[in-house]
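Each residue of the sequence shown is one higher than the one before, counting from 1 in UniProt numbering.
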Amino acid sequence: MPTELFKVVSKVGEGTFGQVYKAGNGAGGFVALKRIRMESERDGFPVTAMREIKLLQSLSHVNVIKLHEMMVSKGAVYMVFEYMDHDLTGVLCQKQFLFTPAHIKALCKQMFAGLAYLHHKGVIHRDLKGSNILLNNRGELKLADFGLARFYHKRRQADYTNRVITQWYRPPELLLGATVYGPEVDMWSAGCIMLELFTRRPIFQADDEIHQLQVIYRVMGTPNTTQWPELVDQPWYELVKPKEAIASQFRDSFSRWLSPAGLDLAEGLLSYNPKLRVTAAQALETAYFTTELPRAEMPTGLATLGGEWHELDSKKERAERAKQKRRAAEDVAEAVGKE
Ligand code: AMP
C-alpha cells in the first residue's frame with residue numbers, strides 16, 4: 001500500500017485488472033489509485049496496463065478521466081487518477097437523489113462529448129457501461145477504464161477481437177461474430193446507457209450470448225436485410241437466425257420514459273445497421289439537445305448525497321440486503337418452528 005505520498009482512505013473498486021483506492025493527496029484533495037495486478041504476469045509489465053497507460057496519456061478532455069501520473073510503491077505499480085465521487089451504476093442503485101429529465105440530458109451530453117472526442121482521436125473504448133462512467137459532485141461525467149480500448153484504423157478495415165464489451169451492452173454485430181468494426185460499437189452501448197438513465201436498470205439483461213440477441217430482438221424487433229443488407233454476411237448469422245420475425249416494441253416500451261426527441265435519438269443509437277447508427281458528433285446535433293426542452297442541467301444535487309456511490313457499494317448493499325432477507329426468513333422459520 002502506498003503510504004509515502006498518498007494516504008489511502010478506502011477501497012472504491014475492484015477492476016478486472018486491479019483494485020482501486022481513494023487516497024488523500026496531502027493537499028486537501030483526493031486521487032484514485034489503481035493498482036496494477038502483476039502476480040499473474042510471467043513476462044514483466046502487463047500488456048493490457050501498458051496499452052491503457054499509453055492511450056490515456058494521449059487523451060485530454062473534460063469528459064475523459066485524467067491520468068495524473070504513475071507511481072511505484074513497495075514493488076507495486078499504481079496509476080494515479082483524478083478522484084471521482086461516484087460511478088453511474090452506484091448512483092442509479094441509490095434512491096436518495098433522483099435525476100430529472102434535465103439532469104439526464106446533461107449526463108448524456110457529456111457522455112457524447114467524451115465519445116465524440118475519443119472517436120475523433122481514433123480510439124474505440126470497447127467497454128462502455130455504468131461502472132466505467134464516473135461522476136463527481138459537480139455533476140461532471142468522465143469516461144474511464146480504458147483497459148479494453150484501442151486505436152482503430154480510420155481508413156483501413158482491420159480485424160479485431162469480438163470478445164469485447166460487457167455482454168448486456170454489446171452490439172448485435174459483435175454478438176453475430178463481426179471482427180471488422182469501428183466506433184459504432186461504442187454508440188450501441190451509449191444507447192443502452194442513455195435508456196438505463198431513465199429506467200434505472202440495464203435494458204437488455206440476458207444470461208448468455210444467444211439469449212442476449214433474443215432479448216434485443218424482443219424489444220427492437222428482428223433485424224432484416226432492408227435495414228441492414230450486410231446482416232446475412234455476419235459470421236454467425238446462420239447459427240443464430242431468428243425463427244420468426246418480430247416487430248419492434250421500442251416505442252411502446254420507452255415512450256413513458258423518454259420525450260419524442262429522446263426516443264428518436266435512443267432509437268438511432270440502437271440501429272441494427274452499424275453504418276446507420278447515430279455517431280457521437282451527430283447525437284450532439286439532434287433536437288434532443290438543440291431545440292427540445294428542458295435544457296440540460298448539471299446534477300449538482302449529487303453533492304447532497306450521503307456518501308459516495310460506486311458499483312462496489314451497490315454490490316455491498318445488495319449483499320447486505322440479501323443477508324437481512326435471509327435472516328428475516330430464518331427468524332420466521334424459527335418462530336413457526338416454536339409454534
Ligand atoms: P476500473 O477497473 O477502472 O473499471 O475501476 C473499477 C471501479 O473503481 C469503477 O467502477 C469505479 O467505481 C472505481 N474507480 C475507477 N476509477 C476511479 C476514479 N478515478 N475515481 C473514483 N473511483 C474510480
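Each residue gets a CB set at the ideal place from its N, CA and C atoms; glycine is no exception. Nothing here was measured: the structure is a model prediction, and the numbers come from that model.
Bridge partner(s) assigned by DSSP for residue i
i, result
"F198", "Note: F198 sits in no beta bridge, so no partner."
"L134", "D87, K142"
"I203", "None, per the DSSP bridge assignment."
"Y21", "K11, L33"
"V123", "F151"
"V240", "Per DSSP, none; premise fails for V240."
"E82", "V31"
"V180", "D159"
beta-carbon residue i near the ligand GTP non-hydrogen atom, thresh 6 Å
i, result
"H310", "For the structure depicted, the ligand GTP is absent and the ligand set comprises only the ligand AMP."
Delimiting residues of the beta strand (DSSP E) encompassing residue i
i, result
"K105", "K105 -> not in any beta strand (DSSP E); alpha helix (DSSP H) instead, spanning 101 to 120."
Residue i in three-state terms, based on DSSP
i, result
"D145", "coil"
"G75", "coil"
"Q157", "coil"
"V215", "helix"
"M70", "strand"
"E339", "Because the pLDDT at E339 is just 49, under 50, the model does not fix this residue reliably, and the point stays unresolved."
"V185", "helix"
"F289", "helix"
"E320", "helix"
"E209", "helix"
"V64", "strand"
"E330", "helix"
"I193", "helix"
"P229", "helix"
"G301", "helix"
"E308", "coil"
"L92", "helix"
"K315", "helix"
"M220", "helix"
"K129", "coil"
"K325", "helix"
Proximal residues to residue i (C-beta, below 6 Å), its chain only, five neighbours per side dropped
i, result
"K105", "A296"
"S248", "M220, G221"
"P202", "W168, E196"
"Y288", "A261, G262, L265"
"G13", "V20, H310, L312"
"E339", "Because the pLDDT of E339 is 49, which lies under 50, any placement of that residue in the model is unreliable, and the number read from its coordinates should be weighed accordingly. Excluding residues within five positions, none has a Cβ falling inside 6 Å."
"R277", "E184, M187, S271"
"A206", "Q212, V215"
"G147", "F17, T48, E52"
"L284", "F112"
"N273", "Q227, W228"
Nearest residue (CA-CA) to residue i, options the options
i, options, result
"M70", "R35, T89, D207, F97", "R35"
"K142", "V62, S259, F198", "V62"
"I65", "V185, F45, H86", "H86"
"P101", "M298, T48, L148, A303", "M298"
"K54", "Y160, M79, A32", "M79"
"residue 359", "L270, T290, P46", "Residue 359 lies beyond the range of the chain shown here (1 to 339); nothing can be said about it."
"R138", "Y83, G18, A32, D233", "Y83"
"T286", "K95, C108, N25", "C108"
"A149", "R51, V91, Q110, P223", "R51"
"A27", "F45, K7, M38", "K7"
"V123", "G306, S60, K315", "S60"
"D127", "D208, K315, L115", "L115"
"T304", "H68, L67, F81, Q94", "Q94"
"L56", "P46, F151, K129, Q234", "F151"
"A76", "L33, R326, G268", "L33"
"Q227", "W236, K275, E238", "K275"
"R218", "S131, D252, G191, Y117", "D252"
"L134", "T300, Y117, V91, S58", "V91"
Residue i: first and last residue of the uninterrupted alpha helix (DSSP H) it sits in
i, result
"A261", "260 to 269"
"E173", "172 to 175"
"R163", "Run containing R163: none; DSSP gives neither H nor E here."
"F254", "250 to 254"
"Q282", "280 to 284"
"E52", "47 to 57"
is_contact[residue i, chain B] using C-beta, thresh 7 Å
i, result
"E140", "Absent from the structure is chain B; it holds one protein chain and no more."
Other residues of its chain near residue i: CB distance less than 8 Å, five sequence neighbours each side excluded
i, result
"H120", "A281"
"L174", "N162, V164, I165, Y181, V185"
"T290", "none"
"P2", "Because P2 carries a pLDDT of 48, less than 50, the predicted location of this residue cannot be relied on, and the following value inherits that uncertainty. So the list reads V8, A23, L33, M71, S73, K74, A76, Y78, once near-sequence residues are dropped."
"E235", "The sequence given here has Pro at residue 235, not Glu. Contacts found: L176, G177, A178, T179."
"A245", "G221, T222, N224"
Cβ-based neighbour list, residue i, same chain, cut-off 7 Å, excluding 5 preceding and 5 following
i, result
"F198", "I104, W257, L258"
"A322", "none"
"A319", "none"
"G24", "F6, K7, V9, F30"
"P242", "Y217, T222"
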